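To start, the structure itself, in structure tokens.
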Amino acid sequence: MLVKAGNRREAGPDESASEESVSDPVRDLVAGADAATRRRAAQNLRETPERIDLLCERLGEEPDASVRAAILISLLRMKSLAVAAGLVGHLRSENAALRSEVMEALQDMPDDVEPVLERLLEDPDSDVRIFVANILNGLAHPRAPKLLARLIARDPHVNVCMAALDGLMEIGDPSMTAAIADLPRRFPEPFVAFAATAALKRLKG
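The sequence shown maps to residues 1 to 205 in full-length UniProt numbering.
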């Protein structure tokens, strides 16, 4: 039915304002003026795999811990190799709280993060390799002990090996004692010999 021009109704000011304020989660996550707005935006992006890169990027820029938690929860809802790859970049962050949050999140996606962590065993940054060892220590994945043993056998940095040794003391088995026994030769320091001896006793029962 045709509508006569005289019967058309212009949108009132309240309606126009309402239309202009329609929530856009991407906009709100990037430019939301308060933490509540950004947190709600992160929650609304929990089923949007096309926004994984954005969520990972914003995670590193977000100053509010509650918003970072919402971002991580949304990413974990979409756990995948892409999420794991996006998160591990934050292991290089100077923000210790962010690193801890990311490490905990990565431990909640063992199947997706395991191949990413294996590649990071060769990372040139020894701090990153230490963080990898810490993640592997709490990773519910059958290959985690073997990756820790590989670090102990090959890594040239004593602190990386000590971090891996701490992990193997928790999740290792007697088949991994050879690499541990060789540590005092590779790093002839009293604390290394002490730690290796303690680990061998624990694994051998």
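The C-beta atom is built at its ideal place from N, Cα and C for all residues, glycine as well.
Here the structure is a predicted model, which is why all the values come from computation and not from measurement.
Which whole-angstrom value is the C-beta distance of residue i and residue j, which I expect to be below 8 Å?
i      : j     : result
LEU29  : ARG38 : 6 Å
ASP112 : SER80 : 6 Å
VAL26  : ARG51 : 7 Å
GLU101 : ARG68 : 6 Å
Does residue i come out as helix, strand or coil in the three-state DSSP assignment?
i      : result
GLY60  : helix
ASN7   : In this prediction, ASN7 has a pLDDT of 48, which is less than 50 and means its spatial position is unreliable; what the coordinates show is noted afterwards. If DSSP states are grouped into helix, strand and coil, ASN7 belongs with the helices.
ASP111 : helix
PHE191 : helix
MET1   : Unreliable placement is indicated for MET1, whose pLDDT of 41 sits below 50; no coordinate value is reported for it.
GLU19  : Interpretation of GLU19 is limited by its pLDDT of 40, a score under 50 that renders its predicted location unreliable; no figure is taken from the coordinates.
GLY205 : coil
ALA140 : coil
ALA97  : helix
THR48  : coil
LEU200 : helix
ASP28  : helix
Do you know how far the Cα of residue j is from the Cα of residue i?
i      : j      : result
LEU136 : ALA179 : 17 Å
MET78  : ILE171 : 28 Å
THR177 : VAL160 : 17 Å
ASP53  : LEU120 : 20 Å
PHE131 : PRO188 : 24 Å
Figure out for me which residue from the options has the closest Cα to the Cα of residue i.
i      : options                        : result
PRO174 : VAL192, ALA70, PHE187, LYS201  : LYS201
LEU59  : ALA33, ALA97, GLU118           : ALA97
LYS146 : GLY167, PHE131, ASP127, ILE130 : GLY167
GLY86  : ILE130, PHE187, CYS56          : CYS56
ALA199 : GLY138, LEU165, ARG185, ARG99  : LEU165
ALA144 : SER126, LEU117, GLU122, MET162 : LEU117
ALA149 : LEU106, ASP182, VAL128         : ASP182
PRO63  : GLN43, PHE191, ARG92, GLY32    : GLY32
Hey, would you say the C-beta of residue i is under 7 Å away from at least one heavy atom of the ligand SAM?
i      : result
ARG143 : The model depicted lacks the ligand SAM and carries no ligand whatsoever.
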